[in-house]
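Each residue of the sequence shown is one higher than the one before, starting from 43 at the first, in our numbering. Only one structure is covered here, and it is reproduced in the block below.
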Amino acid sequence: MTEQNQNAAAEQQEGAQFNIQRIFTKDVSFETPNSPAIFQKEWTPEVKLDMDTRSNKLDENVYEVVLALTVTATIGEETAFLCEIQQAGIFSIAELEELQMAHMLGAYCPNILFPYAREAVAGLVNRGTFPQLNLAPVNFDALFTQYMQQRAAQAEQTADA
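Pasting the structure below:
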């Protein structure tokens with residue numbers, strides 16, 4: 043990289059702006075459809091985690107990012123509990139290239155939101171008197187990279203067709 047390119051990259055980094063305006067719970071639900079009978083069973087659940095993220099532009103350089111988690115614990119064919127949460131944040135993001143902006147909205151912001159969603163899930167499961175549930179950390183950067191590779195492959199297939 044030439045010195046001129048390095049200086050341009052440094053200037054662009056200096057212009058980048060990121061601020062958290064607010065982090066909030068947008069929606070929350072906890073269901074125990076088979077209680078109290080489920081409490082009589084041996085606690086050997088199968089726990090499934092589904093995740094989704096979405097973002098909306100609210101204003102110039104202001105975005106809402108929503109991380110939606112659905113945790114389902116089943117014992118055999120019976121649902122022990124179903125926990126759904128939409129953890130959201132409002133972020134000010136400016137002076138980024140398109141790919142950097144996509145990464146911020148698709149990986150960086152969800153990474154900030156995940157600990158809040160994880161805590162909410164743990165609290166709800168605890169209030170349901172189920173054993174403690176700690177969700178494993180999530181590598182949002184890897185998920186974002188995988189998503190971008192899938193999009194590129196789809197675009198390639200569409201171009202070939």
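Think of the CB as a built atom: it goes at the ideal place given N, C-alpha and C, for glycine as much as any other residue. None of these values were measured; they are calculated from a predicted model.
To the nearest angstrom, how far is the alpha carbon of residue i from that of residue j?
{"i": "Phe-123", "j": "Gln-82", "result": "14 Å"}
{"i": "Gln-191", "j": "Asp-183", "result": "12 Å"}
{"i": "Tyr-189", "j": "Thr-114", "result": "24 Å"}
{"i": "Leu-109", "j": "Val-163", "result": "13 Å"}
{"i": "Thr-116", "j": "Asp-202", "result": "43 Å"}
{"i": "Asn-153", "j": "Asn-181", "result": "8 Å"}
{"i": "Phe-66", "j": "Pro-78", "result": "31 Å"}
{"i": "Val-70", "j": "Glu-126", "result": "6 Å"}
{"i": "Pro-179", "j": "Gly-57", "result": "31 Å"}
{"i": "Arg-193", "j": "Thr-200", "result": "10 Å"}
{"i": "Gln-196", "j": "Gln-59", "result": "32 Å"}
{"i": "Asn-61", "j": "Ala-144", "result": "16 Å"}
Report all residues from its chain with a CB closer than 8 Å to the CB of residue i; omit the five preceding and five following residues, and keep chain order.
{"i": "Ala-52", "result": "Annotation note: pLDDT 45 at Ala-52 (below 50); position unreliable, coordinate value reported separately. Same-chain partners within the cutoff: there are none."}
{"i": "Asn-176", "result": "Arg-160, Ala-164"}
{"i": "Pro-87", "result": "Ala-115, Thr-116, Ile-117, Ala-122"}
{"i": "Gln-142", "result": "Ala-58"}
Could you spell out where the alpha helix (DSSP H) holding residue i opens and where it closes?
{"i": "Leu-155", "result": "151-169"}
{"i": "Ala-130", "result": "Taken as a continuous stretch (DSSP letters only), Ala-130 belongs to no alpha helix (DSSP H), being part of the beta strand (DSSP E) at 120-136."}
{"i": "Thr-187", "result": "182-202"}
{"i": "Gln-142", "result": "140-145"}
Do residue j and residue i count as a contact pair if the criterion is CB distance below 9 Å?
{"i": "Ala-130", "j": "Leu-111", "result": "no"}
{"i": "Lys-26", "j": "Gln-128", "result": "Absent from the structure is residue 26, since the part of the chain shown begins at 43 and ends at 203."}
{"i": "Trp-85", "j": "Pro-173", "result": "yes"}
In chain order, what residues of the same chain have a beta carbon less than 7 Å from the beta carbon of residue i, not counting five sequence neighbours either side?
{"i": "Glu-120", "result": "Asn-76, Ile-80"}
{"i": "Asp-94", "result": "Ala-110"}
{"i": "Gly-170", "result": "Phe-72, Thr-74, Phe-123"}
{"i": "Leu-147", "result": "Ser-97, Tyr-105, Val-107"}
{"i": "Glu-198", "result": "none"}
Give a yes or no on whether the minimum CB-CB distance between residue i and chain D is below 9 Å.
{"i": "Asn-176", "result": "Protein chains in the displayed structure number just one, and chain D is not present."}
Enumerate in chain order the residues of its own chain whose CB-to-CB distance from residue i is below 6 Å, with the five nearest sequence positions on each side excluded.
{"i": "Ala-149", "result": "Phe-182, Asp-183, Phe-186"}
{"i": "Asn-98", "result": "Glu-106"}
{"i": "Ile-132", "result": "Gln-63, Arg-64, Glu-106"}
{"i": "Val-166", "result": "Residue identity check: residue 166 is Leu in the sequence provided, not Val. Excluding residues within five positions, the ones whose Cβ falls inside 6 Å are Phe-72, Cys-125."}
{"i": "Asp-92", "result": "Thr-112"}
The beta strand (DSSP E) spanning residue i covers which residue range?
{"i": "Leu-111", "result": "104-117"}
{"i": "Glu-88", "result": "88-101"}
Segment contact, 8 Å Cβ cut-off, at least three pairs: the region 96-103 with the region 131-143: Short answer: they touch.
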